[in-house]
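**Student:** This is the structure I have questions about; it appears just below.
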Amino acid sequence: MINNEEKLKGIINIILEKNGKGPIEQLNCNLSVRNDLGMDSLDLAELTVRIEDEFGVDIFEGGIVDTVQQILDKINKR
Amino acid sequence: MGLFLYHDGQETTYEQLINDINKQTLLKRYVKKSDPYEILKGIVVSLVAEERIVLLDSDFTEEEVKNLGLSVEELNEEVVLKKDKISSCDELLAKIQKSDNRWEIVLYTSGTTGRPKRVAHKLDSITRGTKVSEKYRENVWAFAYNPTHFAGLQVFFQAFYNQNPMIYIFDVNRKEVENVLRRYNVTHISATPTFYRSILPYIREVVPSVERATMGGEKYDKNLEAQLLKVFPNADVRNVYASTEAGSIFSAKGDIFSISPRIADKVRFAEDGELLIHKSLLGESDTFQLDEDWYRTGDIVEMIDESHFKFVSRKTEMINIGGYKVNPHEVEDEIKKIDGVVDVIVKARSNRITGNILVAEVKINDGIDKREKEKEITKILEKRLQSWKIPRIFTFVDNIELTRTGKKVRK
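Chains as they are written, first to last, in the numbering used here: chain A, 1 to 78; chain B, 1001 to 1411.
Below is the structure:
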């Protein structure tokens, strides 16, 4: 079974590929989706919709989320 | 003379602006540039020369320009300028304000039919909301809208008429925003909720200089208002209702808009709650569909009392993405041109970052690899549409749902 981290990595890589960036091999928990992965508002909007479809959780519901760890926490808490 | 514009490490003063205007002998009628100084200078030159100017988004693709009905020759039109030399800012402003209304600015906005519509504004309609007095003389504006759009022009005229500095923070590195707000002691900022959400994660400490933070162009967000007050503790947070057709008309504290007595007889509500605006408040366009003398905004509102109302929903199919309104038909038309696509419906998917994003359900011919087709469609659309008009998620379906009348279900 694919775990949550792998699924999240897959979603992130779909968006990175669209932006002409190479995929990430390893999901580093300290990565900032804005600063390190360079996501803009539209990328983040896509990220949250794809995560909602996959995990049924709205990661921005409680305010601002920025690192991979914060996203995983939201997903795992569901 | 003070600072006119700060952008990307460059400062331009009002004095330099006047020098540049005096030097300029030709005006490009159509402005399709990304450098904000070039755009704003073009507007000022056109005002001084009382010439019509047309603003196009710098990221319009060739396809989109073609769809506006403009030819390459038109885009390159140059006008020889006849204008007097200007020696001061006061003289510049006096000259502009005394002009005899020959000037006109043309904008293109997403239309309700497939094609973007052309809206022309005269100086009095575009500056209707502009306030000029000593009281505003020390204001410092953050410029957080696209300068080729109506909201950006309103910020421009408010700042320019009061000779205020404009600090350009639209489309720049978000990490630098806090620094420049602080460095220039920005007092006024007007932006979409999406823009505020994009800079908030980078504002580490309070910015006490901000006196007024205005949000508009999208649905009101109460939670965002609370977050803004945390970083701008001295700010009065306002919500405005504005449209390309009419400019900003109503302002609100919270989500209840008030109708100023000045325009009370120019605002009406249809039986189904749709907000109607009298044509005298609008710019000019052939594509406005007027109901007698009233423009149907497509916004359904709820009356609180005679002079207060609240927005309830949109009547039209236009989808608001971070303050940009997209007509799903325009996007569908482009997707349908792609080989192998049988049918498509473009819908909105809500989220807390940009309000909505576009998603598409596509029916393609049998035997085509779906993942590859999605990449191919995205690649083609990148050449034909502005980035926010491109669906972010594609699902491939066997059938597009239709209603009994044969209309696609866009729910």
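Glycine residues also receive a C-beta, built at the ideal position from the N, C-alpha and C atoms.
If you're wondering where the values come from, they're calculated on a predicted model, not measured in any experiment.
Measuring alpha carbon to alpha carbon, tell me which of Val1397(B), Leu1005(B), Glu1401(B) ends up nearest phenylalanine 1170(B).
**Tutor:** As a working mapping, residue 1170(B) is identified with position 170 in the second sequence. Looking only at Val1397(B), Leu1005(B), Glu1401(B), the smallest Cα-Cα distance to phenylalanine 1170(B) is reached by Leu1005(B).
**Student:** Under the assumption that valine 49(A) contacts isoleucine 1357(B) (Cβ atoms under 8 Å), give the Cβ distance between them as a whole number of angstroms.
**Tutor:** Here residue 49(A) corresponds to residue number 49 of the first sequence, with the count starting at 1. Here residue 1357(B) corresponds to residue number 357 of the second sequence, with the count starting at 1. Their Cβ separation, rounded to whole angstroms, is 6 Å, which keeps valine 49(A) and isoleucine 1357(B) in contact under 8 Å.
**Student:** Please identify, using Cβ separations under 7 Å, the residues of the segment 1355-1378 of chain B that lie next to chain A, in order along the chain.
**Tutor:** The residues in question are Ile1357, Thr1378.
**Student:** Scan the segment 1306-1325 of chain B for residues whose Cβ lies nearer than 7 Å to a Cβ of chain A and list them as they occur along the chain.
**Tutor:** From the segment 1306-1325 of chain B, only Gly1322 have a Cβ closer than 7 Å to chain A.
**Student:** Count the other CB atoms, across all protein chains shown, that sit within 10 Å of the CB of alanine 1235(B); report buried if there are 16 or more and exposed otherwise.
**Tutor:** To locate residue 1235(B), count along the second sequence from 1; it is residue 235. Result: buried.
**Student:** State yes or no: is the C-beta of serine 1058(B) within less than 8 Å of the C-beta of serine 1034(B)?
**Tutor:** Taking the second sequence and counting its residues from 1, the one referred to as residue 1058(B) is at position 58. Taking the second sequence and counting its residues from 1, the one referred to as residue 1034(B) is at position 34. Taking a C-beta distance under 8 Å as the contact criterion, serine 1058(B) and serine 1034(B) qualify as a contact pair.
**Student:** For the segment 15-43 of chain A, which residues have a beta carbon sitting closer than 9 Å to at least one beta carbon of chain B?
**Tutor:** Ile15, Glu17, Lys18, Ser32, Arg34, Asn35, Asp40, Ser41, Leu42, Asp43
**Student:** Please determine, among Arg78(A), Ile59(A), Gly20(A), Ile71(A), the residue with the shortest C-alpha to C-alpha distance to leucine 31(A).
**Tutor:** As a position in the first sequence, residue 31(A) is number 31, starting the count at 1. Ranking Arg78(A), Ile59(A), Gly20(A), Ile71(A) by Cα distance to leucine 31(A) puts Ile71(A) first.
**Student:** Could you tell me the alpha carbon to alpha carbon distance between arginine 1238(B) and phenylalanine 1195(B), rounded to whole angstroms?
**Tutor:** As a position in the second sequence, residue 1238(B) is number 238, starting the count at 1. As a position in the second sequence, residue 1195(B) is number 195, starting the count at 1. Answer to the nearest angstrom: the Cα atoms are 15 Å apart.
**Student:** Mapping the DSSP letters down to three states, classify alanine 1151(B) as helix, strand or coil.
**Tutor:** Residue 1151(B) sits at position 151 when you count from the first residue of the second sequence. In the structure shown, alanine 1151(B) sits in a helix (DSSP, three-state: H, G or I).
**Student:** I'd like the span of the beta strand (DSSP E) that includes isoleucine 11(A), first residue to last.
**Tutor:** One-based indexing of the first sequence puts residue 11(A) at position 11. Careful: isoleucine 11(A) lies outside any beta strand (DSSP E), inside the alpha helix (DSSP H) at 4-18.
**Student:** Does the CB of phenylalanine 55(A) have a neighbour CB from chain C at under 8 Å?
**Tutor:** Looking for chain C here will not work: the only protein chains present are A and B.
**Student:** Please compile the residues from chain B whose C-beta is within a distance smaller than 9 Å of the C-beta of aspartate 66(A).
**Tutor:** As a working note, residue 66(A) is residue 66 in the first sequence. Those within 9 Å of aspartate 66(A) in chain B are Pro1201.
**Student:** What three-state label does DSSP hand aspartate 53(A) in the structure shown?
**Tutor:** In the first sequence, counting from the first residue as 1, residue 53(A) sits at position 53. Correct three-state label for aspartate 53(A): helix.
**Student:** Against arginine 1384(B), what residues of chain A qualify as contacts under a CB-to-CB distance less than 7 Å, listed in chain order?
**Tutor:** The count along the second sequence starts at 1 and reaches residue 1384(B) at position 384. The premise fails here: arginine 1384(B) is roughly 16 Å from chain A at the closest Cβ pair, so nothing lies under 7 Å.
**Student:** Report the neighbours of aspartate 73(A) on chain B: residues whose CB is nearer than 8 Å to its CB, in chain order.
**Tutor:** As a first step, residue 73(A) must be located in the first sequence, where it is residue number 73. Under the 8 Å cutoff, chain B gives no residues; its nearest Cβ is about 16 Å from aspartate 73(A).
**Student:** Can you tell me whether isoleucine 1189(B) is buried or exposed, with buried defined as 16 or more other CB within 10 angstroms of its CB?
**Tutor:** Reading the second sequence from its first residue, position 189 is the one you call residue 1189(B). Buried, by the Cβ-count rule.
**Student:** Find the nearest neighbour of aspartate 1265(B) within the set Asn1365(B), Trp1294(B), His1149(B), judged by alpha-carbon distance.
**Tutor:** Here residue 1265(B) is taken as the residue at index 265 of the second sequence, counted from 1. Of the listed residues, the one whose Cα sits closest to aspartate 1265(B) is Trp1294(B).
**Student:** Quick check on methionine 1166(B): buried or exposed, where buried means 16 or more other Cβ atoms within 10 Å of its Cβ?
**Tutor:** Looking up residue 1166(B) in the second sequence gives position 166. The residue in question, methionine 1166(B), is buried, as its Cβ has 16 or more Cβ neighbours within 10 Å.
**Student:** What is the rounded straight-line gap between the Cα of glutamate 1050(B) and the Cα of glycine 1283(B)?
**Tutor:** The sequence position of residue 1050(B) within the second sequence is 50, counting from 1. The sequence position of residue 1283(B) within the second sequence is 283, counting from 1. Straight-line Cα distance between these residues: approximately 17 Å.
**Student:** So which residues of chain B does arginine 50(A) contact, with C-beta pairs closer than 9 Å?
**Tutor:** If you number the first sequence from 1, residue 50(A) lands on position 50. Within 9 Å Cβ-Cβ: Arg1392, Ile1393.
**Student:** Which residues does DSSP list as the beta-bridge partners of arginine 1118(B)?
**Tutor:** Reading the second sequence from its first residue, position 118 is the one you call residue 1118(B). According to DSSP, arginine 1118(B) bridges with Tyr1108(B).
**Student:** Any beta carbon of chain B sitting closer than 8 Å to that of glutamate 46(A)?
**Tutor:** Position 46 of the first sequence, counting from 1, holds the residue named residue 46(A). Yes, because at least one Cβ of chain B sits closer than 8 Å to the Cβ of glutamate 46(A).
**Student:** Tell me whether glycine 62(A) is buried or exposed, calling it buried when 16 or more other Cβ atoms sit within 10 Å of its Cβ.
**Tutor:** Counting from 1 along the first sequence, the entry for residue 62(A) is found at position 62. So glycine 62(A) counts as exposed.
**Student:** By the DSSP assignment, the beta strand (DSSP E) with phenylalanine 1396(B) in it spans what residues?
**Tutor:** Residue numbering aside, residue 1396(B) sits at position 396 when the second sequence is read from its first letter. Residues 1393-1396.
**Student:** At a CB-CB cut-off below 9 Å, which residues of chain B make contact with glutamate 61(A)?
**Tutor:** Taking the first residue of the first sequence as position 1, residue 61(A) is located at position 61. The contacting residues are Arg1352.
**Student:** Which same chain residues end up closer than 8 Å to aspartate 1255(B) when comparing Cβ atoms and leaving out the 5 residues on each side of it in sequence?
**Tutor:** Counted from its first residue, the second sequence places residue 1255(B) at position 255. So the qualifying residues of the chain are Tyr1220, Lys1222, Asn1239, Lys1310, Phe1311.
**Student:** Apart from the five residues on each side of it in sequence, which residues of its chain come closer than 6 Å, Cβ to Cβ, to arginine 1392(B)?
**Tutor:** Indexing the second sequence from 1 puts residue 1392(B) at position 392. Correct list, in chain order: Ile1357.
**Student:** Please list, in chain order, the residues of the segment 1167-1200 of chain B that have any C-beta partner in chain A closer than 9 Å.
**Tutor:** Arg1174, Lys1175, Thr1194, Phe1195, Arg1197, Ser1198, Leu1200
**Student:** Return the chain-ordered list of same chain residues with a C-beta closer than 6 Å to the C-beta of arginine 1052(B), the five sequence neighbours on each side being excluded.
**Tutor:** Here residue 1052(B) refers to the residue found at position 52 of the second sequence. Here the set comprises Glu1104.
**Student:** Given that arginine 1349(B) touches chain A, what residues does it touch there, using C-beta distances under 8 Å?
**Tutor:** One-based indexing of the second sequence puts residue 1349(B) at position 349. Near arginine 1349(B) (Cβ distances below 8 Å), the residues of chain A are Val49.
**Student:** For valine 1132(B), I'd like the list of residues in its chain whose CB is within less than 7 Å of its CB, leaving aside the five on either flank, ordered along the chain.
**Tutor:** As a position in the second sequence, residue 1132(B) is number 132, starting the count at 1. Answer for valine 1132(B): Tyr1161, Asn1162, listed in chain order.
**Student:** Using the C-alpha atoms, what's the distance from tyrosine 1168(B) back to leucine 1107(B)?
**Tutor:** The sequence position of residue 1107(B) within the second sequence is 107, counting from 1. The sequence position of residue 1168(B) within the second sequence is 168, counting from 1. Each residue's Cα considered, the two are about 20 Å apart.
**Student:** Tell me which residue opens and which closes the alpha helix (DSSP H) that valine 1140(B) is part of.
**Tutor:** Position 140 of the second sequence, counted from the first residue, corresponds to residue 1140(B). First-last for valine 1140(B): undefined, no H or E at that position.
**Student:** One question on the structure: do valine 1054(B) and valine 1031(B) come within less than 8 Å of each other, judged by their Cβ atoms?
**Tutor:** Walking along the second sequence from the start, residue 1054(B) turns up at place 54. Walking along the second sequence from the start, residue 1031(B) turns up at place 31. For valine 1054(B) and valine 1031(B), yes; Cβs fall inside 8 Å.
**Student:** Whose CA, out of Ile1277(B), Asn1327(B), Ser1099(B), Gly1322(B), lies closest to the CA of serine 1350(B)?
**Tutor:** Indexing the second sequence from 1 puts residue 1350(B) at position 350. Ranking the options by Cα distance to serine 1350(B), first place goes to Gly1322(B).
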